[in-house]
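In the order they appear, the protein sequences are chains E and C.
Numbering-wise (our numbering), the first sequence opens with residue 171 and increments by one.
Numbering-wise (our numbering), the second sequence opens with residue 171 and increments by one.
Virtual Cβ for every residue (Gly too), placed ideally from N, Cα, C.
As the structure is a prediction and not an experimental result, all values here were calculated from the model.
Heads up, the thing below is written out as structure tokens.
2 protein chains.
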Amino acid sequence: MKHDAVMLMGRIHELTQKWLRRELASAGLPGVAPSHGDVLALLFMKGESTMHELAAFAHRTKATTTVLVDKLEAMDLVRRATSVYDARTKVVVLTERGEALKEDFERISNKLVSMVYAPIGKTGGERLEQLLNKVLVSLEN
Amino acid sequence: MKHDAVMLMGRIHELTQKWLRRELASAGLPGVAPSHGDVLALLFMKGESTMHELAAFAHRTKATTTVLVDKLEAMDLVRRATSVYDARTKVVVLTERGEALKEDFERISNKLVSMVYAPIGKTGGERLEQLLNKVLVSLEN
DNA sequence: TGACAAAAGTTAGACATCTAACTATAATAT
DNA sequence: ATATTATAGTTAGATGTCTAACTTTTGTCA
């Protein structure tokens, strides 16, 4: 199915995901997927978060988020604890090893953004974001 | 930062994939993924194709393509045969049931394209394609 | 011609992801 | 106060995807 813009976005998305995996592996995190990165990203930004918040931020289901956090916990990058205010809620926190990755993640993230924006420049990038935003908002309704 | 082009393309890609799955299910093809659609699309366009050609067109590995064709064969939408000229090569052909889906696929494909282009118009669509093309070409090198 | 490399395809094992069903806890309503 | 409903999270099973190893067949070259 050659859907023009749809097909182009799909290809770009897949290439960036693949690039991120390679980059994370090079940073000493083999087997870490971009979605794991999304989980960590929220923890870097706002500190401790619930499974629910992480799922919403990463655009993944609760079930998937459980598995993602399982893996990060097994790697000793995050830790789970039961909330004091609500026994249903789990609070996820970065470990020391997790905190230590913040700079690596920012470096990789910046590198990806500049790779994507390089061929179209600043104005092209802004125009691209405008168009994509309109498309996304439209699809979400 | 949170709304950069990479993230937007990822979201749009995931939403369109999900939409396609629903649409294919509604067309009497539950469990058929967009990647199966890509396989069928090449068969609609150029007729019989090898596994190698299908993999390249769908941007999937040989292993994945084997599984995709397995499923389509189990659904009696395509058929495999060994090439007369090269015993290593398998030739994949549409069955009668597979051929019958062509119109449904074109309808769904057109619907998706118009959904995506609707909020940005013809000129916006062309500009979007230009920008995406530059980004993709750049990433592929 | 005969050994070895290349190519087409499949199989095995792993993983991220989803939906559906489940447990446990909290909130609501009668 | 108790029963019902809602919410947070996990588990189970299925699926599309990948890499790596394998089989079979074809091509190459000394």
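query, result
"Once you ignore the five residues that flank S253 of chain C on each side, which residues in its own chain have a CB closer than 6 Å to its CB?", "T259, V261"
"In chain order, what are the residue ranges of uninterrupted beta strand (DSSP E) at least 3 long that sit wholly in the region 229–278 of chain C?", "248–252, 260–264"
"Short of 9 Å Cβ to Cβ, which residues in the region 187–198 of chain E face chain C?", "Q187, W189"
"Can you have a look at M215 of chain E and say buried or exposed, based on whether 16 or more other CB atoms are within 10 angstroms of its CB?", "exposed"
"Pairs of beta-carbons, one from the region 288–296 of chain C and one from the region 299–308 of chain E, closer than 8 Å: are there three or more?", "yes"
"Which same chain residues end up closer than 7 Å to T203 of chain E when comparing Cβ atoms and leaving out the 5 residues on each side of it in sequence?", "Per the sequence shown, residue 203 of chain E should be read as Ala rather than Thr. Cβ within range, chain order: R191."
"Along chain C, which residues have their Cβ under 8 Å away from the Cβ of V181 of chain E?", "Reading off the sequence, residue 181 of chain E comes out as Arg, not Val. Residues of chain C passing the Cβ test: H229, L306."
"Alpha carbon to alpha carbon, what distance is there between V237 of chain C and A270 of chain E?", "41 Å"
"Mind checking which residues open and close the alpha helix (DSSP H) that includes E218 of chain C?", "Careful: E218 of chain C lies outside any alpha helix (DSSP H) and carries neither H nor E."
"Within the 8 Å Cβ cut-off, does D174 of chain C reach chain E?", "yes"
"Taking a cut of 8 Å between CB atoms, which residues from the region 286–301 of chain E lie near chain C?", "V286, Y287, A288, P289, I290, G294, G295, R297, L298, E299, L301"
"List, in order along the chain, the chain C residues whose C-beta lies closer than 7 Å to that of V209 of chain E?", "What V209 of chain E touches in chain C: nothing, since even the nearest Cβ is about 15 Å away."
"Going by beta carbon distance, what residues of the same chain come within less than 7 Å of S219 of chain C, once the five residues before and after it are set aside?", "L212, L213, V262"
"Is V202 of chain C close to chain E? Criterion is C-beta to C-beta, closer than 8 Å.", "no"
"Taking the alpha helix (DSSP H) that V202 of chain C falls in, what are its first and last residues?", "Looking at the DSSP string, V202 of chain C is not in any alpha helix (DSSP H), and its letter there is neither H nor E."
"For a contact meaning CB atoms closer than 8 Å, what does L282 of chain E contact in chain C?", "V176"
"List the whole-angstrom C-beta distance separating D174 of chain C from V283 of chain E, where the pair is believed to meet the contact cut-off of C-beta under 8 Å.", "6 Å"
"Could you check if D208 of chain E is buried or exposed, using at least 16 other CB atoms within 10 Å of its CB as the buried criterion?", "buried"
"Cα separation between G201 of chain E and L264 of chain C?", "38 Å"
"Counting along the chain, where does the alpha helix (DSSP H) carrying N303 of chain C start and finish?", "291–310"
"Would L242 of chain C and H183 of chain C qualify as a contact pair, given that the criterion is a beta-carbon distance under 8 Å?", "no"
"How many angstroms separate the CA atom of R249 of chain E from the CA atom of V176 of chain C?", "29 Å"
"DSSP state of D208 of chain C, grouped into three classes?", "helix"
"What three-state label does DSSP hand F288 of chain E in the structure shown?", "The question names Phe, but residue 288 of chain E is Ala in the sequence shown. Correct three-state label for A288 of chain E: coil."
"Looking only at its own chain, which residues have a Cβ that is under 7 Å from the Cβ of G180 of chain C, when we skip the five neighbours before and after it?", "none"
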